Amino acid sequence: MSAAFFSATYGEARQRFLEAATRAGAAVGHHVHPLTGAAGEEIGTDTALLGPADAGKLFIVSSGTHGPEGFSGSACQLALLNDELARRAADRGIALLLIHAVNPFGFSHLKRTNEDNIDLNRNFNDFATPYPDNPVYEQIHDLLVPAAWPPSADNEERLNAAMARLAGQRNPGVSSGQDKHPDGLFYCGTAPAWSNRTIRSILRAHGTTRRHIAWIDVHTGLGPYGHGEKIFGRHSEETTRRAKAWWGSDLIVSTATESVSPRTVGHITGCAPEECPDAAITPTTLEYGTVPNPVVRRALRGEAWLAGHPDAPATLVREIRQAVRDAFYVDADDWKGMILGQFRSQALQTINGLAAEE
């Protein structure tokens, strides 16, 4: 049954989301992207708002911040639209906002990054101040993005040795973000991307009058197969207390050594306090493991190389795109069941937590 909520393409996921939202009686919104999808289709970030419009409490679930990670996030949203939990939230005075495909270009084109090779979870930052230096990434950029693809055996050997040497570096780590290499991995960009501006406008439209906002941003690609890590950033003591009370002792602060995620700058949920300053914000990232880290890293390296080689042969393009899809979406029933089961549990925790707040 769980597998039924997963779609094969962005276009299918979008259509199913919009149809389910309409059936559920949600107020649906569309933010059309200026570019087109891989099949020439219209793409965009869509929203569905359920529950009392004037609710003081808002539960946000977002998907597809990193392109093909949207296969799982979209399935979680579709399952929620078909679950009595949505009605339960409304009955308890909670509005539910589903943000589908934060990065629709990446979702459709099977790119973790956006149309400008920007990692959107490094783009929500203050561009009036310099992005933090990342000397760890600088040491291996040339190894990560080689001149030719596939990389040579010598390149792979040197990169593996460097990654082993840098394995303990987390603040910053290799994937923390960088602003020096537009053709590289984890690039933050030089200005707010289309998706950044769109998410901020959605928050202003739906969040500014709320007292409490909970936000789950669904991701894949890090950690053990099928395990959902509840990643929590660095927040105030009050926010941390509230998050642990809602989501339990398995909530992992991203700065802790046991977290699968290093410190990052420019995370999507970080814009909520800026756009909704009067609300108490309780955010988390739900990160599901897929395949071993070296496989994910190779897929990301291929994507970065391809961004700098638009004239690459069609067969190689398809190979790289498929590798990215496979790194962030496991097309197996057991994995899909793990994703939706853990998501429903955290969604229920969130609803109960929000309902208990004044």
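Going by the UniProt record's numbering, the sequence shown wraps up at 358, each residue one higher than the last. For glycine and all other residues, C-beta sits at the position ideal for the given N, C-alpha and C. Here the structure is a predicted model, which is why all the values come from computation and not from measurement.
Exercise for the section: Express the C-alpha separation of HIS66 and ASN171 in angstroms, rounding to a whole number. Expected result: 22 Å
key: In DSSP terms, what PHE59 is bridged to   = LEU96 and ALA214
* Asked: Under the DSSP definition of a beta bridge, which residues are partnered with GLU319?
  -> According to DSSP, GLU319 bridges with nothing at all.
Under 7 Å from any heavy atom of the ligand SAM, does the C-beta of ALA38 make it?
Absent from the structure shown: the ligand SAM. Ligands present: none.
| task | Compute the distance between the beta-carbons of TYR329 and PHE71, then report whether it is under 8 Å. | result | yes
Measuring CB atoms only, is the segment 280-288 touching the segment 335-347, in the sense that at least three cross pairs come out at less than 8 Å? With the cut-off at 8 Å, the segment 280-288 and the segment 335-347 touch.
Output the distance between the C-alpha atoms of HIS33 and CYS271, rounded to the nearest integer angstrom. 20 Å
When you compare each of THR350, HIS206 and ALA75 to LEU18 by their alpha carbons, which one comes out closest?
-> Distance from the Cα of LEU18 is smallest, within the candidate group THR350, HIS206 and ALA75, for ALA75.
Below 8 Å, can you find three or more Cβ-Cβ pairs linking the segment 217-228 to the segment 287-302? yes
Span of the alpha helix (DSSP H) holding ASP46?
-> If you look at ASP46, you'll find it isn't in any alpha helix (DSSP H); it sits in the beta strand (DSSP E) that goes 42-50.
Could you tell me the alpha carbon to alpha carbon distance between THR315 and GLU303, rounded to whole angstroms? 14 Å
Can you list, in chain order, the residues of its chain whose CB lies under 6 Å from that of LEU110, leaving out five sequence neighbours each side? PRO68, ARG321, VAL324 and ARG325
Element boundaries [alpha helix (DSSP H), containing LEU185] | Looking at the DSSP string, LEU185 is not in any alpha helix (DSSP H), and its letter there is neither H nor E.
- Item | C-alpha gap between PRO135 and VAL253, whole angstroms | 23 Å
**Prompt:** What three-state label does DSSP hand THR129 in the structure shown?
**Reply:** If DSSP states are grouped into helix, strand and coil, THR129 belongs with coil.
Original post:
Considering only residues of the same chain and omitting the five flanking positions on each side of ASP333, which have a CB-CB separation below 8 Å?
Top reply: SER2 and ALA3
With the cut-off set at 8 Å, would you say PHE105 and ILE202 are in Cβ contact?
When the beta-carbon positions are compared, PHE105 and ILE202 stay at least 8 Å from each other.
Run the CB neighbour count on THR190, radius 10 Å, all protein chains shown included, and call it buried at 16 or more, exposed below. exposed
Worksheet entry | Residues bridged to PRO283 (per DSSP) | TRP215
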